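J.: Have a look at the structure that comes next, please.
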Amino acid sequence: DIPGFTKRLINGVKCKACKATGKVDGQRCAECGGKGGKVGILRAQDSLGRTNTPRAHQVDGVRSIMAHPEVPVKIFLWGCGMGKTLGVLLAICMKRIALNRTPRTVLVVPANTLDQWEDALHDFVRLPETEWIVTNVGKKLTQEVLDRTPIVVTTPGIVYQSAWRSCFYKKQQHHQIQT
Numbered sequence: 004d005i006p007g008f009t010k011r012l013i014n015g016v017k018c019k020a021c022k023a024t025g026k027v028d029g030q031r032c033a034e035c036g037g038k039g040g041k042v043g044i045l046r047a048q049d050s051l052g053r054t055n056t057p058r059a060h061q062v063d064g065v066r067s068i069m070a071h072p073e074v075p076v077k078i079f080l081w082g083c084g085m086g087k088t089l090g091v092l093l094a095i096c097m098k099r100i101a102l103n104r105t106p107r108t109v110l111v112v113p114a115n116t117l118d119q120w121e122d123a124l125h126d127f128v129r130l131p132e133t134e135w136i137v138t139n140v141g142k143k144l145t146q147e148v149l150d151r152t153p154i155v156v157t158t159p160g161i162v163y164q165s166a167w168r169s170c171f172y173k174k175q176q177h178h179q180i181q182t
């Protein structure tokens, strides 16, 4: 049931006061102060006013991820224009609802799609910008940033650089004396 799936993501679980008044302030209910009145994590519409409705294969992909939490790495191998970005964001939304916190997620994407990912995070989900970072600048991914930011969107080059730095170190050469 795609409409029901989307409706739960958009509306979330609300307290009785939320249902009665519809008052929400950001992510928390204005009536109950967020003590059980969180609104959904998915935006009903994107910045262009288009309805955010997932396709059947996106829903199936998210259900597969939710059904197999023991598998730590997930990959969507859908073609161009098939909704990989929204599919991944839907999965993050569902995990956030299930865990009651934003799951630690590292998305490794082509560098030329970073702007698309940043736009999608603004357009599709109600997450504070403190919960995600989109970058291809390795210096921005400090340990402090990684500790406080659950969602990291970066490029293969940055992952490679980080792995190289953590696995290898530069050994100082001894001074050579020429005779």
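Position in the sequence shown (from 1) plus 3 gives the number in the numbering used here. Even for Gly, the Cβ is constructed at its ideal location relative to N, Cα and C. The structure displayed is predicted, hence computed values, not measured ones.
(1) So does the stretch 61-80 actually touch the stretch 143-163, counting three or more Cβ pairs closer than 8 Å?
(2) May I ask which residues mark the beginning and end of the alpha helix (DSSP H) holding L124?
(3) So, do the stretch 51-67 and the stretch 81-96 have three or more beta carbon pairs nearer to each other than 8 Å?
(4) Assuming L89 is part of the alpha helix (DSSP H), what are its boundary residues?
(5) Identify, in the order they occur along the chain, each residue of the same chain with its Cβ nearer than 6 Å to the Cβ of K77, setting aside the five sequence neighbours on each side.
(6) Less than 8 Å separating the beta-carbons of P153 and E134?
(7) In angstroms, rounded to a whole number, what distance separates the CA positions of V128 and I136?
(8) Do you know whose CA, among L12, V155, A94, lies nearest V111's CA?
(9) DSSP puts L144 in a beta bridge; with which residues?
(10) How far does the alpha helix (DSSP H) with V65 in it extend, from its first residue to its last?
(11) Judging by CA-CA distance, which residue of G52, T116, V109, S50 is the nearest neighbour of P75?
(12) What span of residues does the beta strand (DSSP E) with T152 cover, start to end?
(13) Consult DSSP for V137 and reduce its assignment to one of helix, strand or coil.
(14) Helix, strand or coil, according to DSSP, for L80 in the structure here?
(15) Do you know how far the Cα of L130 is from the Cα of F86?
(16) Within the 8 Å Cβ cut-off, does V156 reach chain D?
(17) What is the DSSP secondary structure of V111, reduced to helix, strand or coil?
T.: According to the structure shown:
(1) Not touching, per the Cβ criterion.
(2) Start and end: 117-127.
(3) They touch, by the three-pair rule.
(4) First-last of the alpha helix (DSSP H) with L89: 87-102.
(5) Here the set comprises I68.
(6) In this structure, E134 lies closer than 8 Å to P153 by Cβ.
(7) In this structure, the alpha-carbon of V128 lies about 14 Å from that of I136.
(8) Ranking the options by Cα distance to V111, first place goes to V155.
(9) As DSSP reads the structure, L144 sits in no beta bridge.
(10) Start and end: 59-70.
(11) The shortest Cα separation from P75 among G52, T116, V109, S50 belongs to V109.
(12) No beta strand (DSSP E) holds T152; DSSP gives it neither H nor E.
(13) Strand, per DSSP.
(14) Here L80 sits in coil by DSSP.
(15) It is Gly, not Phe, that sits at residue 86 in the sequence shown. Approximately 20 Å, taken between the alpha carbons.
(16) No chain D appears in this structure, which consists of one protein chain only.
(17) Here V111 sits in strand by DSSP.
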